[in-house]
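Visitor:
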């Protein structure tokens, strides 16, 4: 009979231990399941962030390329404006020279002939270093610089004012 009592006590102790360990084991299993789910969710969100980062990087690259193109177009427009301004200054200078009788050799030249770049302006060498005595290159100094260089002391505006009644 003592054997039966010992066997019953051992079974009761084993059941008590099992009853105490089962909830703990279930909690650990649930914790592992939560961690697995959390890792999977982290991976999913991480992939979404990587995809969004890649998309935004491509968008930034496209925007930078468009900005470079816009800057190049702005530079071309600025250069065209400068070229137009220079052509206007050239024609003003020719007008001043013609009024002063200092550009008689240019009287037979057309007002505007197709230039090298197709801009509608004559081909004129504006560089000082390539001039020779028989070159017919227009002097592009401002009228004030020409008058001062000639020793007249008066600006072209003052000369025009003197000529007008």
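In full-length UniProt numbering, the protein residues as written are 1 to 165. Note that the Cβ used here is the ideal one computed from N, Cα and C, for glycine as well.
Quick one: measure Cβ to Cβ for residue 92 and residue 103, integer angstroms, because I've assumed they're closer than 8 angstroms.
Guide: Contact doesn't hold; Cβ gap of about 12 angstroms is too wide.
Visitor: Mark residue 108 as exposed unless 16 or more other C-beta atoms lie within 10 angstroms of its C-beta, in which case mark it buried.
Guide: That one is exposed.
Visitor: Suppose you measure from the CA of residue 48 to the CA of residue 64; what does that come to, to the nearest Å?
Guide: Roughly 24 angstroms separates the two Cα atoms.
Visitor: In whole angstroms, what is the alpha-carbon distance linking residue 38 and residue 79?
Guide: Each residue's alpha carbon lies about 60 angstroms from the other.
Visitor: Compute the Euclidean distance between the alpha carbons of residue 77 and residue 67, then round it to the nearest angstrom.
Guide: Taking the straight line from one Cα to the other gives about 15 angstroms.
Visitor: In this structure, does DSSP put residue 101 in helix, strand or coil?
Guide: Note: residue 101 maps to coil in three-state DSSP.
Visitor: Note down the Cα distance separating residue 74 from residue 87, rounded to an integer number of angstroms.
Guide: Taking the straight line from one Cα to the other gives about 20 angstroms.
Visitor: Run through DSSP, which three-state label would residue 38 get?
Guide: Three-state result, residue 38: helix.
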